[in-house]
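Notes follow once the structure below has been shown.
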Amino acid sequence: MQVQNLTVNRLCQNRVITAVNGQLPGPTLLIQEGDTLVIHVNNNSPYNITIHWHGIFQKLTAWADGPDYVTQCPIRPGRSYTYRFTVTGQEGTLWWHAHVSFLRSTVYGALIIRPRSGRSYPFQQPDGEYPIVLGEWWNANVVDVANQAQASGGAPNNSDAFTINGQPGDLFPCSSGSTTRINVKQGRTYLLRIVNAALNSQHFFKIANHKLTVVAVDAAYTNPYVTDVVVIAPGQTTDVLLTADQKPGLYYMAARPYASAPVSADNSTTTAILAYQGASTAPTLVMPVLPALNDTPTAHKFYTNLTGLVTSPFWTGVPTEVDKHMFITVGLGLIPCRNNSCAGPNGQRFAANMNNASFQLPTKMSILQAFFQNVNGIYTTDFPRQPPVKFDYTNTGLSGNPNLIFTTKSTKVIKLKYNTTIEIVLQNTAILTTENHPIHLHGFNFFVLAQGFGNYKASRDSKKFNLVNPQERNTIGVPVGGWAVIRFQANNPGVWFMHCHLDQHLPWGLATAFVVENGPTPSTTLPPPPHDFPTC
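Position 32, counted from 1, in the sequence shown is what full-length UniProt numbering calls 32; the numbers after and before it change by one each time, with no gaps.
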């Protein structure tokens with residue numbers, strides 16, 4: 001992978017961006033389950049870079065996971081690093097992206113894992129496959145956008161467009177000539193591999209006059225679910241079967257944000273074209289009717305109707321004995337600003353937190369390196385198992401409460417013994433505003449046992465747990481003003497980041513990490529880092 005500057009034209013402007021191999025999106029990696037990847041990353045850009053292989057388990061290869069200052073120090077300009085890892089126990093659609101600043105707005109691509117030879121999909125063999133990668137575009141240098149927000153203490157500027165496979169589509173100026181086009185033949189079935197690579201927006205996705213059948217999410221097979229709309233959060237992937245069962249013509253596929261928070265956002269619609277073979281030379285394009293921006297009932301219906309395919313070759317079943325329970329609040333807050341001169345509410349600086357701990361990345365070495373070498377002073381293991389204060393978490397009347405709104409910066413992590421089964425209640429808060437937060441866990445899939453609105457109450461809501469065939473994910477959209485319960489087994493030694501995949505919230509501190517100790521045997525022990533491992 002060559003990471004370097006690239007000049008592209010979007011929205012009537014030439015912009016210099018950071019890209020991989022001269023492409024936007026970057027190259028699609030097409031592999032089979034069981035393959036070992038050796039990927040040389042040469043950083044010829046002016047910025048520090050790391051690459052995260054989003055959703056890959058990285059069994060015993062935590063050094064290759066990629067989040068900056070969590071598992072590695074960045075690859076400096078002019079330097080290189082070789083990522084080596086084997087993909088086992090996973091099939092479907094994942095993706096890769098930069099894990100530094102806002103660079104993943106242009107440094108990203110699909111990672112498609114097909115069944116190994118002799119295996120087939122657990123659904124009908126499609127006649128063709130297409131990656132559908134949703135992105136986000138700024139008419140600005142995205143590093144400057146991030147730095148300006150960090151300097152001011154406020155929110156970053158909204159993006160100027162969304163994209164499908166790098167193109168904004170017909171509804172944007174100077175864009176219709178390059179709109180993404182997907183060619184199909186009537187009567188045939190296609191596998192669409194949808195990735196939400198946007199930085200700060202969940203999306204509704206539809207194709208005019210067509211139904212879609214969900215067969216996998218986050219590279220985990222699901223029971224077939226028929227729908228006319230897909231809801232997908234940043235970081236998530238969704239595989240759908242599309243049957244070209246309409247009369248030959250041109251049909252728009254379109255995506256627009258699901259914006260659950262009452263704040264300013266880019267509300268534009270990106271489009272691509274589903275083009276039937278044999279369509280007339282001047283057909284009328286049909287546009288789908290998309291849900292309203294704040295249509296939470298539609299989003300919740302989609303997310304809660306997905307179930308896991310227990311006949312999948314990699315289905316393990318839900319762990320029944322839980323070793324560790326945690327209750328983690330997720331939401332926004334503030335940290336004080338000198339002279340009340342910042343751009344956040346009341347002149348303060350925006351922050352975000354889990355259990356009122358706002359995560360601060362280290363700078364001297366990565367957490368993984370400190371863990372491996374037993375170096376003190378880089379992180380602490382006192383992340384709280386529950387919030388320091390119990391309150392009416394989703395009561396919007398408490399928004400701005402001075403006794404709740406302020407948080408503090410720290411690098412607190414959660415230490416787990418190997419093979420610990422952990423259950424986490426992720427509880428949204430309304431301290432500044434409620435919002436659907438897409439929480440991503442590195443290194444593992446988790447089972448989504450239940451989701452709901454309001455404050456989680458164990459005596460009531462644990463009765464709703466699906467312990468038979470829950471969906472597996474690596475990224476969960478915690479419902480706006482609500483909660484989600486996840487469970488997983490920590491059977492992978494290393495340091496694994498858990499964070500909000502809205503990029504504006506990550507630098508604000510909506511994150512923590514799990515430090516998983518080595519197991520009892522060499523096959524459960526993390527080996528040393530590779531010889532070319534980047535140092536700080």
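Beta carbons are placed, not taken as given, at the ideal position from N, Cα and C, and that holds for glycine.
For clarity, every value in this text was computed on a predicted model and none was experimentally measured.
Item, Value
"According to the Cβ coordinates, are I273 and L192 closer than 8 Å?", "no"
"Helix, strand or coil for S410? Go by DSSP, reduced to three states.", "strand"
"Enumerated in chain order, which unbroken segments of the beta strand (DSSP E) with a length of 3 residues or greater are wholly contained in the UniProt domain \"Plastocyanin-like\" (383-519)?", "408-410, 414-416, 420-428, 437-441, 446-453, 475-478, 482-490, 494-500, 511-516"
"With 16 as the cutoff for other CB atoms within 10 Å, does H40 come out buried or exposed?", "exposed"
"Say whether the segment 288-298 touches the segment 311-325, bearing in mind that this needs 3 or more beta-carbon pairs closer than 8 Å, one atom from each stretch.", "no"
"Is the distance from the Cβ of T36 to the Cβ of P126 below 8 Å?", "no"
"Is there contact here, the segment 52-60 with the segment 6-14, by at least three beta-carbon pairs under 8 Å?", "no"
"Take F350 as the anchor and find which of P313, N21, G509, A299 has the nearest alpha-carbon.", "G509"
"When you compare only the Cα positions, how much space is there between V184 and G166?", "20 Å"
"So N147 is in the alpha helix (DSSP H); what residue range does that whole segment cover?", "142-152"
"Could you name the residues that DSSP lists as bridge partners for W53?", "W96"
"Would I112 and T93 be called neighbours here (beta carbons separated by less than 8 Å)?", "yes"
"Can you say whether H531 is buried or exposed, counting buried as having 16 or more other CB atoms within 10 angstroms of its CB?", "exposed"
"Taking Cβ positions, are G169 and T270 nearer each other than 8 Å?", "yes"
"Rounded to a whole number of angstroms, what is the C-alpha to C-alpha distance between K412 and Q427?", "19 Å"
"Note down the Cα distance separating V495 from T380, rounded to an integer number of angstroms.", "13 Å"
"Just reading off the alpha helix (DSSP H) that Q373 is part of, what are its end residues?", "367-373"
"Select from V217, V425, T363 the residue whose C-alpha is nearest the C-alpha of R385.", "V425"
"Answer yes or no: do V214 and L306 have a C-beta to C-beta separation smaller than 8 Å?", "yes"
"List the endpoints of the continuous beta strand (DSSP E) containing K247.", "Segment: none, K247 is in no beta strand (DSSP E) and carries neither H nor E."
"Apart from the five residues just before and just after F123, which ones in its own chain have a Cβ nearer than 6 Å to its Cβ?", "V215"
"Check whether the segment 216-226 touches the segment 249-256, taking contact to mean three or more Cβ pairs, one atom from each stretch, closer than 8 Å.", "no"
"Which two residues bound the contiguous beta strand (DSSP E) that contains F204?", "202-207"
"Answer yes or no: do R487 and F514 have a C-beta to C-beta separation smaller than 8 Å?", "no"
"Here's the rule I'm using: 16 or more other beta-carbon atoms within 10 Å means buried, otherwise exposed. How should L30 be labelled?", "exposed"
"Report, in whole angstroms, the separation of the C-beta atoms of H99 and P67, which I expect to be a contact under 8 Å.", "5 Å"
"Per DSSP, which residues does Q124 bridge with? Please list them.", "Partner(s): none; Q124 has no beta bridge."
"Taking all protein chains shown into account, do 16 or more other C-beta atoms lie within 10 angstroms of the C-beta of K247, making it buried, or fewer, making it exposed?", "exposed"
"Check whether the segment 346-361 touches the segment 404-411, counting contact only when three or more Cβ pairs, one atom from each stretch, lie closer than 8 Å.", "yes"
"Straight-line CA distance for I431 to N157?", "22 Å"
"Looking only at its chain, what residues have a beta carbon closer than 7 Å to the beta carbon of T18, apart from the 5 residues adjacent to it on each side?", "V3, N5, S45, Y47, L103, T106, V107"
"One question on the structure: do residue 537 and Q72 come within less than 8 Å of each other, judged by their Cβ atoms?", "Because the chain in this structure spans residues 1 to 536, residue 537 falls outside the shown range and cannot be described."
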